[in-house]
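Before any comments, here is the structure.
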Amino acid sequence: MIKINKLIVIILPLIIATSCSYKQKINASSEVKQVALIVKSREDYYWETVKMGADIAAKEFGVEINYMAPIDESDIDAQIKMVSEAVNKGVDAIILAPSDSKALVDIANKARNHKIPVIIIDSNLETDAINSFIATDNFEAGKKAGEELINLVGEKANVALMGYVKGNLTGDQRESGFLDTLSKYPNIKVVAKKYCSEDSSLATTLTKNVLSEYPNLDAIVALNSVSTIGVADAIYEMNLMNGIKIVGFDSTPKEIQYIEKNVIQATIIQNPFNMGYLSVKNASSSINSEKIEEYIDTGSKVINKENMFLPENEKFIFPFVN
């Protein structure tokens with residue numbers, strides 16, 4: 035009997051320890067996985083739509099989203115700090131829309147070294163330390179902007195280009211695609227290139243300055259929603275709707291209003307909702323060591339007053355309604 039009691043004394047703690055260890059493993063595996071979603075700027079309709087898609091995917095795939103963004107897209111240091119904090123917290127995956135293709139490489143590599151899957155959206159990074167890249171083909175989108183401009187002004191015109199952050203990879207790719215299309219039309223002259231630093235008021239001022247310097251200007255192409263709205267504000271304030279054509283990017287409510295008023299003739303829209311949804315889907319799959327697509331083009335299309343209310347376009351323009 036004494037021997038049996040001694041045996042119980044020896045074995046029981048082992049059983050308890052094993053049971054606790056097993057429970058800890060079960061709890062760890064059943065915890066809701068944490069996914070950091072770090073985008074380029076706050077309070078932007080485009081990124082709100084990305085977040086909407088991400089939130090829906092998070093519910094579907096059972097993960098929790100930690101949403102972060104600098105106040106301004108040009109604040110690259112703030113974005114680096116956010117990624118670093120996510121790595122240090124040991125999140126299960128990071129979804130990142132990098133504001134700079136080079137500056138965030140080191141911190142992305144650090145995440146990968148910590149075995150944290152990295153999903154890149156919107157703009158790529160110059161590194162192989164990522165699991166997946168989900169974005170618009172911005173070169174092709176820029177080409178579409180050029181083709182739509184030709185449809186509006188013909189093969190002879192003076193045009194201006196309004197970018198947002200000089201050196202931004204997404205903007206550079208759109209600009210390259212746009213200029214590639216125009217290279218086939220020697221009588222279309224790009225007389226001015228301006229960059230508004232993600233400030234629509236500055237875009238308005240720059241537009242007015244360009245119009246003063248080039249009174250024979252026929253059209254302006256703007257490369258994102260902020261620059262598009264700034265350009266359109268200037269044209270509307272100067273009552274030049276019948277003289278200057280605008281081709282923009284994205285589909286914020288104000289841009290849609292300007293299309294209805296014939297201030298903006300066309301805009302190249304993306305699919306930020308799908309970008310957010312697919313990024314979370316791929317993050318969840320990566321956490322579970324499932325195979326994912328390394329590159330997904332979420333597409334772009336030309337929207338104008340004639341086609342904006344077609345059913346196949348409404349779901350992209352009005353995702354919060356649909």
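Take the sequence shown: its letters are residues 35 to 356, numbered as in my numbering. All C-beta atoms in this analysis are idealised placements derived from N, C-alpha and C, irrespective of residue type, glycine included.
Where residue i sits in the DSSP three-state scheme
i      : result
Asp140 : helix
Met10  : Residue numbering for the chain in the displayed model covers 35 to 356; residue 10 lies beyond these limits and cannot be assessed.
Ala253 : strand
Ala163 : coil
Met196 : strand
Lys190 : coil
Asn61  : With a pLDDT of 38 at Asn61, under the threshold of 50, the modelled position of this residue cannot be trusted; read the value that follows with caution. Helix.
Gln113 : helix
Ile154 : strand
Gln299 : coil
Leu130 : strand
Val97  : strand
Leu203 : helix
Val69  : strand
Leu213 : helix
Ser108 : coil
Ile44  : Confidence at Ile44 is low in this model, with a pLDDT of 42, below 50, so its placement is unreliable and the value that follows should be read with caution. Helix, per DSSP.
Asn341 : coil
Tyr79  : helix
Met275 : coil
Proximity test, residue i beta-carbon vs the ligand SAH heavy atom, cut-off 7 Å
i      : result
Asp156 : Questions concerning the ligand SAH fall outside what the structure shown contains, since it holds no ligand whatsoever.
Option nearest residue i by Cα separation, candidates the options
i      : options                           : result
Ala226 : Ala103, Tyr248, Pro151 and Phe283 : Tyr248
Asp109 : Val73, Val84 and Asn100           : Val73
Phe307 : Val84, Glu289, Glu77 and Ile105   : Val84
Glu3   : Val281, Ile168, Thr241 and Val199 : Residue 3 falls outside the range modelled here, since the chain spans only 35 to 356, and no answer is possible.
Ser217 : Lys177, Glu232, Gly201 and Asp267 : Lys177
Ile303 : Val193, Pro353 and Ser210         : Pro353
Gly205 : Asp156, Ile128 and Val297         : Asp156
Asn165 : Tyr79, Ala127 and Tyr229          : Ala127
Leu213 : Asn305, Ser334 and Phe173         : Phe173
Ile293 : Lys200, Asp233, Asn338 and Ile105 : Asn338
Glu107 : Met342, Asp233, Asn322 and Glu340 : Asp233
Val370 : Val66, Leu274 and Ile222          : No statement about residue 370 is possible, as the shown extent of the chain runs from 35 to 356 and does not include it.
Thr215 : Lys242, Thr238, Asn185 and Asn202 : Asn185
Glu82  : Glu94, Gly96 and Met102           : Met102
Limits of the beta strand (DSSP E) - the one that residue i falls within
i      : result
Asp331 : Tyr329 to Asp331
Lys227 : Ile222 to Tyr229
Ser166 : Ser166 to Ala169
Asn338 : Lys335 to Asn338
Phe283 : Lys279 to Phe283
Start and end residues, alpha helix (DSSP H) containing residue i
i      : result
Ser319 : Pro306 to Ile321
Thr239 : Ser234 to Glu247
Ala266 : Ser259 to Glu271
Lys288 : Pro287 to Glu294
Ile326 : Where Ile326 is concerned, there is no enclosing alpha helix (DSSP H), given that its DSSP letter is neither H nor E.
Beta-carbon separation (whole angstroms), residue i vs residue j, contact threshold 8 Å
i      : j      : result
Met309 : Ala169 : 7 Å
Leu71  : Ile99  : 5 Å
Touch check for the region 278 to 292 and the region 238 to 253: three-plus C-beta pairs under 8 Å?
-> With a cut-off of 8 Å on Cβ pairs, the region 278 to 292 is in contact with the region 238 to 253, counting three or more such pairs.
Kindly confirm or deny that the region 305 to 321 and the region 263 to 270 touch, where touching means at least three C-beta pairs closer than 8 Å.
-> Here the region 305 to 321 does not lie against the region 263 to 270, with fewer than 3 beta-carbon pairs under 8 Å apart.
Do the region 112 to 132 and the region 144 to 156 touch if we need at least three Cβ pairs shorter than 8 Å?
-> yes
Just checking, does the region 284 to 298 make contact with the region 321 to 328 on the three C-beta pairs under 8 Å criterion?
-> The region 284 to 298 vs the region 321 to 328: no contact.
Are the region 189 to 196 and the region 159 to 166 in contact at 8 Å, needing three or more beta carbon pairs?
-> no
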